[in-house]
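Enquirer:
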Amino acid sequence: MNKRIAVLLSGRGSNFAAIAAAVNAGLIPASIAVVVSNRAGAPGLDHARALGIETLVLPSPGITRADYDSALAAELQARSVDLVCLAGFMRLLSPSFVRPFAGRILNIHPSLLPAFPGLDAQKQAFEYGVRITGCTVHFVDEGLDSGPIVLQAAVPVLDTDTVESLSARILEAEHRAYPQAIALVLSGNYSIEGRRVLRPKQ
Ligand code: GRF
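Residues 65 to 266 in our numbering are what the sequence shown lists, from first letter to last.
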């Protein structure tokens, strides 16, 4: 049966665009059922509409986190979503959302976790002076950027880099890594032992 993905975003949506392109190219055997944003003006929504994908805006002001997350979970369950992909969704998700979708939520983070969790990860890495950073696709649990790691890609930090040039190269790595990780998770061809996401031996 065709798997159904939901993408949650708050802004630009370049990772969503990369996922949508990979779906269209047949690299991800699934369809994008809905793109959800907490911000009505998120540019990623315009791209989704242009692709004919359903969009849903769920603003959060005035709603408790638990109520918001329950409403979000209900919307996705109503659309029979199999996998939730966070792509620049600028909200922490509480147990009200994480529990019903346990093991079925992915996030992409612009550093090699567990280094530099939280906001401005590229700037954190740049200012720390690491020589290698990158991106991480991980399962989402109830912590901050803390679930089991599916895939990482390394990006060297160059002497000539600025935060902006480094961020741009990390973003290119994200656009390759996220579709690969989604395809792996949708294939079901992995097991989780402790924190380790393992591929079966070929
Ligand atoms: C990316 O850097 C991603 O790693 C982080 O938020 C940013 C989203 O960018 N979680 P975009 O909206 O996908 O362009």
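Glycine is no exception: its CB is placed at the ideal position from the N, C-alpha and C atoms. What you are looking at is a predicted structure, and each value in this text was computed from that prediction instead of being measured.
Since residue 98 contacts residue 73 with CB under 8 Å, what's their CB separation in whole angstroms?
Expert: Wrong, their Cβ atoms sit about 11 Å apart, outside the cutoff.
Enquirer: Of all the options 104, 176, 160, which has the alpha carbon lying nearest to the alpha carbon of residue 129?
Expert: 160
Enquirer: If residue 259 sits next to residue 220, beta carbons under 8 Å apart, how far is it from one beta carbon to the other, in whole angstroms?
Expert: Not confirmed; about 26 Å, so no contact.
Enquirer: Near residue 227, what residues of its chain come up, given a Cβ to Cβ distance below 7 Å and the 5 sequence neighbours on each side ignored?
Expert: 186, 187, 190
Enquirer: Between which two residues does the alpha helix (DSSP H) carrying residue 240 extend?
Expert: From DSSP, the alpha helix (DSSP H) with residue 240 extends over 227-251.
Enquirer: Cβ of residue 238 within 7 Å of any heavy atom in the ligand GRF?
Expert: yes
Enquirer: Please classify residue 171 as buried or exposed, where buried requires at least 16 neighbouring CB atoms within 10 angstroms.
Expert: Result: buried.
Enquirer: Hey, could you find the ends of the beta strand (DSSP E) residue 83 is sitting in?
Expert: Boundaries for residue 83: no beta strand (DSSP E) harbours it, while the alpha helix (DSSP H) harbouring it runs 78-88, taken from the DSSP string.
Enquirer: Where does residue 104 land, buried or exposed, given buried means 16+ other C-beta within 10 angstroms?
Expert: exposed
Enquirer: For the candidate residues 82, 70, 66, 76, whose alpha-carbon lies nearest to that of residue 236?
Expert: 82
Enquirer: To the nearest angstrom, how far is it from the Cα of residue 139 to the Cα of residue 145?
Expert: 9 Å
Enquirer: Going by the CB atoms, is the gap between residue 156 and residue 122 shorter than 8 Å?
Expert: no
Enquirer: According to DSSP, is residue 120 part of a helix, a strand, or is it coil?
Expert: strand
Enquirer: Comparing alpha-carbon positions, which option in 115, 71, 222 lies nearest residue 137?
Expert: That would be 71, whose Cα lies nearest to the Cα of residue 137.
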